[in-house]
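A.B. asks:
Residue numbers (my numbering): 1 to 180.
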């Protein structure tokens, strides 16, 4: 379906909803009546024909709902109805509305604060480091020592003692400390 046709259909379904619903109701009822008349012409009793057509096609209102669900703009229409319903509920109980709003505000603020701190401490480069992806960790590993003293190195950059490997290092920084 071309884009302009879809946009036009969406506009028509959202703006002229009442007229579209009337047309849909007339069309579904006319189709229902036509099929019932065909069954009666084939020799069925009117009540039996209506029952059989209802079983075959479904109830008129159910068919109309199914058509509404696949129309362009059905999702937007549902969202708008839900928003209106939610606004009405919040207007009826202002204490709940204030409580819910404050709860959301506090939760969002706490979440934002925690993420900002975690981002600054865990995911950003240390101060003064312009290329954090080029950092190399070199530490002393002592045989027989437990975890705090037995660290490994960043293997690809330190594996070679060749002068070329050392030339790849642009700068150095040292840190010393003792973990007891």
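Even for Gly, the Cβ is constructed at its ideal location relative to N, Cα and C.
Excluding sequence positions up to five away, which residues of its chain have a Cβ less than 7 Å from the Cβ of residue 60?
C.D. replies: Cβ neighbours of residue 60 beyond the five flanking positions: 28, 29, 32.
A.B. asks: Measure how close the beta-carbons of residue 52 and residue 39 come, nearest whole angstrom, since I'm counting them as under 8 Å.
C.D. replies: Correct: roughly 6 Å between the Cβ atoms.
A.B. asks: Just the Cα atoms here: how many angstroms apart are residue 134 and residue 14?
C.D. replies: Each residue's alpha carbon lies about 56 Å from the other.
A.B. asks: On the three-state DSSP scale, how would you describe residue 86?
C.D. replies: If DSSP states are grouped into helix, strand and coil, residue 86 belongs with the helices.
A.B. asks: Quick check: the Cα distance between residue 5 and residue 76, rounded to an integer number of angstroms?
C.D. replies: Those two C-alpha atoms are separated by around 17 Å.
A.B. asks: Please list the segments of the alpha helix (DSSP H) lying wholly inside the segment 11-68, counting only runs of 4 or more residues, in order along the chain.
C.D. replies: List check, alpha helix (DSSP H) in window: 17-41, 46-57.
A.B. asks: Could you tell me whether the Cβ atoms of residue 73 and residue 122 are closer together than 8 Å?
C.D. replies: Cβ atoms of residue 73 and residue 122: not closer than 8 Å.
A.B. asks: Among 110, 71, 36, 42, which has the Cα closest to the Cα of residue 24?
C.D. replies: That would be 71, whose Cα lies nearest to the Cα of residue 24.
A.B. asks: Which word fits residue 98, buried or exposed, when buried means at least 16 other C-beta atoms lie within 10 angstroms of its C-beta?
C.D. replies: Classification of residue 98: exposed, given that the 10 Å Cβ count is below 16.
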